[in-house]
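Just so we're aligned, residue 2 is where the sequence shown starts under our numbering, counting upward by one. All C-beta atoms in this analysis are idealised placements derived from N, C-alpha and C, irrespective of residue type, glycine included. Encoded as structure tokens, the structure appears first; notes follow it.
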Amino acid sequence: MRTTIKEHRARLNLTQEQLAEKVGVRRETIVFLEKGKYNPSLRLARDISIALGVSIEELFLFDDEEKKHYASGDDLDMVHIVPVDAGNAERYVELVEALANFEHLDPPGEEGRARLISDASSADRPFRAFLAMVEGVAVGYVTYFFTYSTFLARRTLFLEDIFVLEEYRGRGIGTKLFRFCVDEAKREGCGRMEWTALDWNEPAHRFYEGFGAKRLDWYLFRLTGDDLDAIQ
Numbered sequence: 002m003r004t005t006i007k008e009h010r011a012r013l014n015l016t017q018e019q020l021a022e023k024v025g026v027r028r029e030t031i032v033f034l035e036k037g038k039y040n041p042s043l044r045l046a047r048d049i050s051i052a053l054g055v056s057i058e059e060l061f062l063f064d065d066e067e068k069k070h071y072a073s074g075d076d077l078d079m080v081h082i083v084p085v086d087a088g089n090a091e092r093y094v095e096l097v098e099a100l101a102n103f104e105h106l107d108p109p110g111e112e113g114r115a116r117l118i119s120d121a122s123s124a125d126r127p128f129r130a131f132l133a134m135v136e137g138v139a140v141g142y143v144t145y146f147f148t149y150s151t152f153l154a155r156r157t158l159f160l161e162d163i164f165v166l167e168e169y170r171g172r173g174i175g176t177k178l179f180r181f182c183v184d185e186a187k188r189e190g191c192g193r194m195e196w197t198a199l200d201w202n203e204p205a206h207r208f209y210e211g212f213g214a215k216r217l218d219w220y221l222f223r224l225t226g227d228d229l230d231a232i233q
């Protein structure tokens, strides 16, 4: 008889927050798993099983083919990176909204959503965006554009967004997306890549530092909306 995550949490006196921290996901993911709202990736299922001290079979149902596929390391062979176009721009915006939700920020409004779809699929788009596809489903994305460094006298690739749906993390998809951007920067003759990360997102910090990225002490300033319009 299959047991539940909640039962084993209670046995170990673990809260949902504590289990989430152990396996590197948000509390909401544990809530959804306990309610049966979605199936985890095999890697996440393994991490949860290890954290709870039980076999993966006690908690989750994966067939032999799924386990064989995971063990073979073929996950990344099934990830395809495709450009955003008119046919998939709606899905791209859905992922942008998912990132906003993850970062506890406001997603684009209706007008912003329409502009984003239009800009993402136009011939003279102001940015470049790509989706990570797994078995025909878009599960992550990157958005970047180019600035210019006067000190280097070369272009800079600025990584605006990089995001993978939580249930697909731990499979190397984010790494593949990031390496794709590195390759694009090299191909375009850029002198560097830059991006920002929220101060509380320690997993992201570790991810970037794993590539050798350096954390700068510069301050980021911003003018938006009424503050921008108020300047005459």
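- For residue 119, the secondary structure class from DSSP, reduced to helix, strand or coil, is helix.
- Annotation for residue 47: 57 place their beta carbon closer than 7 Å to its own, counting only its chain and skipping 5 residues before and after.
- Fewer than three Cβ pairs drawn from the region 150-168 and the region 115-122 lie within less than 8 Å of each other, which leaves the two stretches out of contact.
- DSSP places residue 195 inside the beta strand (DSSP E), whose first and last residues are 193-196.
- If you look at residue 161, you'll find it in the beta strand (DSSP E) that goes 155-165.
- Excluding its 5 nearest sequence neighbours in each direction, residue 148 has C-beta neighbours in its own chain below 6 Å: 157, 159, listed in chain order.
- In the three-state reduction of the DSSP assignment, residue 28 falls in the helix class, which pools H, G and I.
- At a Cβ-Cβ threshold of 8 Å, residue 161 and residue 181 do not count as neighbours.
- When the beta-carbon positions are compared, residue 167 and residue 26 come within less than 8 Å of each other.
- Taking residue 129 as reference, the option from 113, 23, 93, 19 with the minimal CA-CA separation is 93.
- Assigned with DSSP and collapsed to three states, residue 5 falls in coil, not helix or strand.
- According to the DSSP secondary-structure assignment, residue 93 is paired through a beta bridge with no residue.
- Judged by DSSP in its simplified three-state form, residue 81 adopts strand.
- Each residue's CA atom was taken as its position, placing residue 35 and residue 183 some 38 Å apart.
- Here the C-alpha atom of residue 177 lies approximately 35 Å from the C-alpha atom of residue 226.
- Here the alpha carbon of residue 173 sits roughly 45 Å from the alpha carbon of residue 232.
- Taking the CA atoms as reference points, residue 109 sits about 7 Å from residue 98.
- Shown here for residue 150: same chain residues with a beta carbon closer than 7 Å to its own, the five before and five after excluded, namely 157, 192, 193 in chain order.
- The C-alpha of residue 20 lies about 8 Å from the C-alpha of residue 49.
- Residue state for residue 150 is assigned as strand, using DSSP reduced to three classes.
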